[in-house]
Amino acid sequence: MKRKIDKYVIKNFISGFLSHSVLILVSVTCIFPLVWMFSSSLKTQQEIFKSMSLWPAAFNWANYVIAWTRGGFGVYFLNSVFYTVTVVGGLILISSLAAYAFSRLTLPGKNIIYYVFLAAMMIPIPGAFVALYVLLVKLGLVNTRLGYILPQISIGLSLSIYLFKTFFDNIPKDIEDSAEVEGCSKLGIWWHIALPIAKPAVAVIAIFKTLAVWNEYIFAMIILHDKAKMPLQRGLMIFQGAHFTEYPLLMAGITITVIPVIVIYLFMQRHIIQGITAGAV
Amino acid sequence: MNTVFPNLKAKGREYLFILPAVIMLGLFYIYPFFKIFQLSFFDWDGISKNMIFVGLAQFKDIIFDNPIWWQSMAQAGYITLLALIIQNGLALILALFVDRGIKYGQVYRVIFFLPPILSGIVIGLIWNWIFNGNFGLLNYWLAKIGLGHLAKTWLADPDTALTCVAVIHMWKGFGWGFIILLAGLQSIPRRFYEAARIDGASNWDVFKRITVPLMIPVFVLVMILTVLGTMQIYDIIVSTTGGGPGYHTEVPVSRIIAQMLHSSRFGYACAMGLVFGLALVALSVMQMNISKRLKQT
Chain A
607 MKRKIDKYVI KNFISGFLSH SVLILVSVTC IFPLVWMFSS SLKTQQEIFK SMSLWPAAFN
667 WANYVIAWTR GGFGVYFLNS VFYTVTVVGG LILISSLAAY AFSRLTLPGK NIIYYVFLAA
727 MMIPIPGAFV ALYVLLVKLG LVNTRLGYIL PQISIGLSLS IYLFKTFFDN IPKDIEDSAE
787 VEGCSKLGIW WHIALPIAKP AVAVIAIFKT LAVWNEYIFA MIILHDKAKM PLQRGLMIFQ
847 GAHFTEYPLL MAGITITVIP VIVIYLFMQR HIIQGITAGA V
Chain B
4 MNTVFPNLKA KGREYLFILP AVIMLGLFYI YPFFKIFQLS FFDWDGISKN MIFVGLAQFK
64 DIIFDNPIWW QSMAQAGYIT LLALIIQNGL ALILALFVDR GIKYGQVYRV IFFLPPILSG
124 IVIGLIWNWI FNGNFGLLNY WLAKIGLGHL AKTWLADPDT ALTCVAVIHM WKGFGWGFII
184 LLAGLQSIPR RFYEAARIDG ASNWDVFKRI TVPLMIPVFV LVMILTVLGT MQIYDIIVST
244 TGGGPGYHTE VPVSRIIAQM LHSSRFGYAC AMGLVFGLAL VALSVMQMNI SKRLKQT
């Protein structure tokens with residue numbers, strides 16, 4: 607009996623050791639490129655081609671100053687922040703307003719409109735950006751900030767209306783009735799009661815849309831032509847095209863692009879992972 | 004009259020709740036959707052007033068006379084195939100390890116999902132450098148372990164470029180598959196495993212008879228999303244090879260964009276988009292049918 611237990615313990619130990627080895631190896635390949643990016647961003651131009659060391663000879667923080675100013679990443683960064691805030695804010699306001707109407711108000715024909723929204727979510731249309739570009743030309747919105755913001759709001763609309771509506775459907779009617787008796791308007795109920803209760807939905811939509819807008823590239827490439835209006839992802843490609851060999855500055859630019867994403871991720875990872883799996887399983 | 008009008012007015016005000024959303028969806032989603040169909044019948048450069056109606060000629064050209072289009076489809080298909088097998092295989096193995104209640108499972112989860120949250124552009128630019136022929140890390144390491152003769156310009160060599168792009172894509176994607184598969188595994192009630200163990204089942208039996216059958220819906224979902232996501236790969240291509248060398252890493256989305264921006268053939272680009280969209284829908288339907296058949300047996 608004792609020998610059998612020993613065998614079990616040893617077998618368990620070996621399999622645990624093997625699993626951890628594999629998991630750690632994969633973890634290192636996940637993190638290593640990022641560490642290397644960061645260390646390269648601190649090296650000098652000469653050092654970068656000569657030394658493959660992970661530890662820079664000296665920490666050239668000046669690279670970040672140059673990337674931010676001369677490299678243009680300061681402008682790109684502020685643009686990215688602006689686009690992210692406006693798209694996410696616009697999406698949440700517009701979709702929660704519509705979802706509240708779909709959930710609560712008695713509009714004739716609202717169900718048909720709601721199903722059109724849901725159907726729009728199902729159909730993949732690669733190449734829709736061609737027709738979208740044609741539309742933006744007609745509206746005079748090519749190479750404008752508005753032309754970059756509006757299409758991105760509309761992309762997330764169906765899904766977030768759906769998420770908000772399932773939330774609003776579960777709010778007990780009594781709360782709103784009493785608010786209405788006290789003279790609160792429908793708009794007031796949406797703002798003061800429904801939206802605060804739907805905070806978890808707001809959080810999920812805000813996190814995922816923030817990542818999507820921050821990482822967006824194709825629209826930025828098609829719609830925006832002025833460097834002054836470009837977000838980071840587009841700026842990185844422009845910089846890489848113009849200063850192909852200035853690796854430390856490029857790596858500094860990439861680090862500037864990546865750090866907000868990683869910070870948001872580390873603080874919000876529980877919500878992010880829950881959001882991914884809730885949609886899937 | 005007085006009782007009808009205030010009511011109408013209130014209803015009108017209520018429509019204002021959905022008006023912004025309806026305008027946005029109509030303008031930036033439904034209009035482009037139908038516009039693609041219309042444009043695909045025209046030879047049009049995107050600017051000039053005269054659009055030449057050519058019927059189905061552009062579809063015919065794409066399907067029968069455009070080998071580069073089919074090459075780009077096949078190349079995206081190759082990356083997709085590798086992603087389905089290697090990326091999802093790795094994701095499943097890692098998920099099985101963590102599902103056994105291993106220590107630090109939470110830490111691994113956080114680390115593995117790091118690449119999926121980064122943009123394709125950022126990842127492409129970093130890996131560009133790892134694969135660089137002159138001063139890239141990969142060649143450096145190969146030389147270090149005595150395999151220096153294998154060194155090459157990985158992303159500029161027609162033999163390796165596509166596979167290297169696939170490797171980058173899989174590096175970005177496996178953590179996402181891992182998270183979904185792990186959530187699926189954890190939703191399987193533990194008593195199933197315990198009961199099987201008491202009956203003397205081996206690990207392999209448990210995996211084959213309990214885990215796999217219960218996981219089929221999750222497998223199908225991961226497969227469909229992998230196909231849809233990988234076939235539409237673009238950011239990683241544009242930030243690494245730009246479609247080259249030659250046409251060796253061109254993919255459907257990069258072809259559509261090239262037709263639109265470089266050749267100014269807007270109608271043709273729309274027709275490509277439709278052919279591609281149809282192919283994606285067909286692939287998804289096919290996968291769902293296969294899964295239905297799997298469930299029945």
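Taken in order, these protein sequences are the chains called A and B. First residue of the first sequence? That's 607 in our numbering, and the numbers climb one at a time after it. First residue of the second sequence? That's 4 in our numbering, and the numbers climb one at a time after it. Glycine residues also receive a C-beta, built at the ideal position from the N, C-alpha and C atoms.
So, is A:ALA889 buried or exposed, given that buried needs 16 or more other C-beta atoms within 10 angstroms?
Summary: the structure shown does not reach residue 889 of chain A, with chain A confined to residues 607 through 887, and so no result is reported for it.
Under 7 Å between beta-carbons, which chain A residues line up against B:CYS273? List them in chain order, please.
GLY733, VAL736 and ALA737
Any residues in the stretch 113-128 of chain B with a beta carbon nearer than 9 Å to a beta carbon of chain A? Which ones, in chain order?
VAL113, ILE114, PHE115, PHE116, LEU117, PRO118, PRO119, ILE120, LEU121, SER122, GLY123, ILE124, VAL125, ILE126 and LEU128
Verify the CB distance criterion: does B:LYS14 have a CB-CB separation below 8 Å to chain A?
yes
So if I threshold CB-CB distances at 9 Å, which residues from the stretch 821-845 of chain A count as touching chain B?
ASN821, GLU822, TYR823, ILE824, MET827, ILE828, LEU838, GLN839, ARG840, LEU842 and MET843
Where the alpha helix (DSSP H) through A:THR816 begins and ends
805-821
Just how far apart, CA to CA, sit A:LEU756 and A:LEU724?
19 Å
Which complete alpha helix (DSSP H) runs does the stretch 191-221 of chain B hold, if anything under 4 residues is left out?
193-201 and 206-209
In chain order, which continuous runs of the alpha helix (DSSP H) of length 4 or greater are located wholly inside the stretch 132-164 of chain B?
140-147
Are any of the Cβ atoms in chain B nearer than 8 Å to that of A:PHE770?
no
Of the listed residues B:VAL256, B:VAL225 and B:PRO161, nearest to B:ILE240 (C-alpha basis)
B:VAL256
I'd like the span of the alpha helix (DSSP H) that includes A:ARG751, first residue to last.
751-775
Which residue or residues does DSSP assign as beta-bridge partners of B:PHE56?
B:PHE45
If we define contact as Cβ-Cβ less than 8 Å, is B:LEU28 a contact residue for chain A?
yes
Would you please verify whether the beta carbon of B:VAL256 is less than 8 Å from any beta carbon of chain A?
yes
Cβ pair A:ILE767, A:ALA704 closer than 8 Å
yes
Along the chain, which unbroken stretches of the alpha helix (DSSP H) at least 4 residues long are found entirely within the stretch 657-698 of chain A?
668-675
Of all the options A:ILE719, A:THR690, A:ILE698 and A:GLY789, which has the alpha carbon lying nearest to the alpha carbon of A:ALA826?
A:THR690
Could you check where the alpha helix (DSSP H) with A:ASP832 kicks off and where it finishes?
Element bounds for A:ASP832: n/a, residue is neither H nor E.
Give a yes or no on whether the minimum CB-CB distance between B:VAL25 and chain A is below 8 Å.
yes
Assumed close pair B:ILE124, A:LEU842 - CB separation to whole angstroms, cut-off 8 Å
6 Å
Taking Cβ positions, are A:ILE759 and A:GLY696 nearer each other than 8 Å?
yes
At the 8 Å Cβ level, is B:ALA186 part of the contact set with chain A, yes or no?
yes
Please check the pair B:PHE44 and B:VAL57, which I expect to be a contact at CB under 8 Å, by giving their CB distance rounded to whole angstroms.
7 Å
What number of angstroms, rounded off, separates the C-alpha of B:ILE55 from the C-alpha of B:LEU42?
10 Å
C-beta neighbour in chain A for B:TYR81, strict 8 Å:
no
Is the CB-CB distance between A:TYR853 and B:TRP132 below 8 Å?
yes
Which class does B:GLU253 belong to by DSSP, given the choice of helix, strand or coil?
coil
Kindly indicate which three-state DSSP category B:ASN5 falls into: helix, strand or coil?
Summary for B:ASN5: the model assigns pLDDT 46, below 50, so the residue's position carries little reliability, and this model does not support an answer.
Just confirm the distance between the C-beta atoms of B:LYS38 and A:VAL740, as a whole number of angstroms; I'd bet it's less than 8 Å.
7 Å
Determine whether the Cβ of A:ILE882 lies closer than 8 Å to any Cβ atom of chain B.
yes
Within the continuous alpha helix (DSSP H) that includes B:GLY108, where are the two ends?
108-115
Closest Cα partner of A:LEU738 within the set B:TYR34, B:PHE67, B:ALA159 and B:ASP68:
B:TYR34
Would you mind reading off the limits of the alpha helix (DSSP H) that contains A:GLY746?
Looking at the DSSP string, A:GLY746 is not in any alpha helix (DSSP H), and its letter there is neither H nor E.
Closer than 7 Å to a non-hydrogen atom of the ligand SAH - does that hold for the CB of B:PHE36?
Looking at this structure, you won't find the ligand SAH or any other ligand, since it has none at all.
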